[in-house]
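Working notes for the structure below.
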């Protein structure tokens, strides 16, 4: 992976991390189109640059992270399901990270769901993410586990999970953003541990790629969050649903036509 490829992946990560269209899925597809080899560093890079995007939440919602300990306890409770499932199924998840076909199917199915989610969960009782109780946080955490399948979208799964618990779109989106912080910190730490445990060491060039990737993802993600909250509050999920259907359908059509869209 060269500098330009790393830059493109970072921009994609920053744009897609908080939109319900799957950042991991888009990076897998982009890597495939650019012919990026699936080596240990590339796998580490695609996870690690998500940390830069996640830090944008801490900056934009700085005051929320210093309001009360109760806030952290709820995030921890919501984080538990994905922590358990992540440890149990880490090998299966790594295998899925090399499947553009799986991403395409997930994009398509998820898009169909997003077309109807606003009608399914149109009655809200919780307008502010501070009002979420522990049991609700725990249930939203299980929705996040679905996003371990590339192409599902972590933000999409947790926002829909929140709306299923009668949160407003804005409250569900904000809690999804907050939950991303411990989740992606843990995912990055786990991926770094595995990288070094397997005997790999980052080169100077790789460190530079990671630094640039995180900075770019951070800046782009800040812009994406501001756009997404306003857009979601006004218009809902339908646009994102159609986008997922178009992209997923296009990828499937290309593969059926004989185009070899594989991670090399």
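Residue numbers (the working numbering): 1303 to 1566. Using N, Cα and C, we set each Cβ at its ideal position, and we do this for glycine too.
May I have the straight-line CA-CA distance separating residue 1317 from residue 1492, to the nearest angstrom?
Here the question's residue 1317 lines up with position 15 in the chain shown. Here the question's residue 1492 lines up with position 190 in the chain shown. The straight-line gap from Cα to Cα measures roughly 24 angstroms.
Starting from residue 1371, trace the alpha helix (DSSP H) both ways and give me its first and last residue.
Along the chain shown, one-based indexing puts residue 1371 at 69. Run containing residue 1371: 1371–1390, per the alpha helix (DSSP H) assignment.
Give me the Cα-Cα distance between residue 1520 and residue 1556, rounded to the nearest whole angstrom.
For the purposes of this step, residue 1520 is taken as residue 218 along the chain shown, with counting starting at 1. For the purposes of this step, residue 1556 is taken as residue 254 along the chain shown, with counting starting at 1. Going from the Cα of residue 1520 to the Cα of residue 1556 covers about 32 angstroms.
Mapping DSSP to helix, strand and coil, what is residue 1323?
Here residue 1323 refers to the residue found at position 21 of the chain shown. Reduced to three states, the DSSP call for residue 1323 is coil.
Among residues of its own chain, excluding the 5 on either side of residue 1461, which ones have a beta-carbon nearer than 6 angstroms to its beta-carbon?
Taking the chain shown and counting its residues from 1, one reaches residue 1461 at position 159. Closer than 6 angstroms at Cβ, skipping near neighbours: 1474, 1475 and 1478.
Could you tell me whether the Cβ atoms of residue 1453 and residue 1409 are closer together than 7 angstroms?
By 1-based counting over the chain shown, the position of residue 1453 is 151. By 1-based counting over the chain shown, the position of residue 1409 is 107. Result yes, Cβ atoms of residue 1453 and residue 1409 sit closer than 7 angstroms.
Out of curiosity, what's the CA-to-CA distance linking residue 1355 and residue 1559?
The residue given as residue 1355 occupies position 53 in the chain shown. The residue given as residue 1559 occupies position 257 in the chain shown. If you take the alpha carbons of residue 1355 and residue 1559, they lie about 35 angstroms apart.
Consult DSSP for residue 1469 and reduce its assignment to one of helix, strand or coil.
Working through the chain shown from its first residue, we reach residue 1469 at position 167. The three-state secondary structure of residue 1469, taken from DSSP, is strand.
According to DSSP, residue 1527 sits in a beta bridge with which residue or residues?
As a position in the chain shown, residue 1527 is number 225, starting the count at 1. According to DSSP, residue 1527 bridges with nothing at all.
Under three-state DSSP, which class holds residue 1434?
Taking the first residue of the chain shown as 1, we reach residue 1434 at position 132. Three-state DSSP puts residue 1434 in coil, outside helix and strand.
Which listed residue (1433, 1306, 1435 and 1384) has its alpha carbon closest to that of residue 1449:
Walking along the chain shown from the start, residue 1449 turns up at place 147. Check the Cα spacing between residue 1449 and each of 1433, 1306, 1435 and 1384: the tightest is with 1384.
Which residues in the same chain as residue 1466 place their Cβ atom closer than 7 angstroms to its Cβ, once the five residues preceding and following it in sequence are excluded?
Sequence index remark: in the chain shown, residue 1466 carries index 164 (1-based). Cβ neighbours of residue 1466 beyond the five flanking positions: 1423.
Cβ atoms of residue 1440 and residue 1483: under 7 angstroms apart, would you say?
Here the question's residue 1483 lines up with position 181 in the chain shown. Here the question's residue 1440 lines up with position 138 in the chain shown. In this structure, residue 1440 does not lie closer than 7 angstroms to residue 1483 by Cβ.
What's the gap between the Cα of residue 1565 and the Cα of residue 1434?
Position 263 of the chain shown, counted from the first residue, corresponds to residue 1565. Position 132 of the chain shown, counted from the first residue, corresponds to residue 1434. For residue 1565, the predicted structure reports a pLDDT of 46, less than 50, and the residue's modelled location is therefore unreliable. A value from the coordinates is still provided. Residue 1565 and residue 1434: Cα-Cα distance of roughly 41 angstroms.
Whole-angstrom distance between residue 1343 and residue 1382, CA atom to CA atom:
As a first step, residue 1382 is located in the chain shown; it is residue number 80 there, counting from the start. As a first step, residue 1343 is located in the chain shown; it is residue number 41 there, counting from the start. Approximately 27 angstroms, taken between the alpha carbons.
What does the alpha-carbon distance come out to for the pair residue 1413 and residue 1548?
In the chain shown, counting from the first residue as 1, residue 1413 sits at position 111. In the chain shown, counting from the first residue as 1, residue 1548 sits at position 246. CA-to-CA, the gap between residue 1413 and residue 1548 works out to about 9 angstroms.
Reduced DSSP category for residue 1283 - H, G, I as helix; E, B as strand; rest coil
As displayed, the chain neither begins before 1303 nor continues past 1566, which places residue 1283 out of reach and without an answer.
Could you spell out where the alpha helix (DSSP H) holding residue 1366 opens and where it closes?
Numbered from its first residue, the chain shown carries residue 1366 at position 64. Note, residue 1366: premise wrong, no alpha helix (DSSP H); not H, not E.
Between residue 1430 and the rest of its own chain, which residues show a CB-CB distance below 7 angstroms, the 5 nearest in sequence each way excluded?
Numbered from 1 along the chain shown, position 128 holds the residue referred to as residue 1430. Closer than 7 angstroms at the Cβ level, and outside the excluded window around residue 1430, lie 1473.
So if DSSP puts residue 1330 in a beta bridge, which residue, or which two residues, is it bridged to?
In the chain shown, residue 1330 corresponds to position 28, counting from 1. Looking at the DSSP assignment, residue 1330 forms no beta bridge with any residue, so it has no partner.
Following the continuous alpha helix (DSSP H) through residue 1557, name the residue where it begins and the one where it ends.
By 1-based counting over the chain shown, the position of residue 1557 is 255. Its alpha helix (DSSP H) spans residues 1540–1558.
Using a threshold of 7 angstroms, state whether the C-beta atoms of residue 1320 and residue 1530 are closer than that.
As a working note, residue 1320 is residue 18 in the chain shown. As a working note, residue 1530 is residue 228 in the chain shown. Using a Cβ distance threshold of 7 angstroms, residue 1320 and residue 1530 count as a contacting pair.
C-beta contact flag for residue 1463 and residue 1322 at 7 angstroms:
As a position in the chain shown, residue 1463 is number 161, starting the count at 1. As a position in the chain shown, residue 1322 is number 20, starting the count at 1. No, these two residues do not count as a Cβ contact at 7 angstroms.
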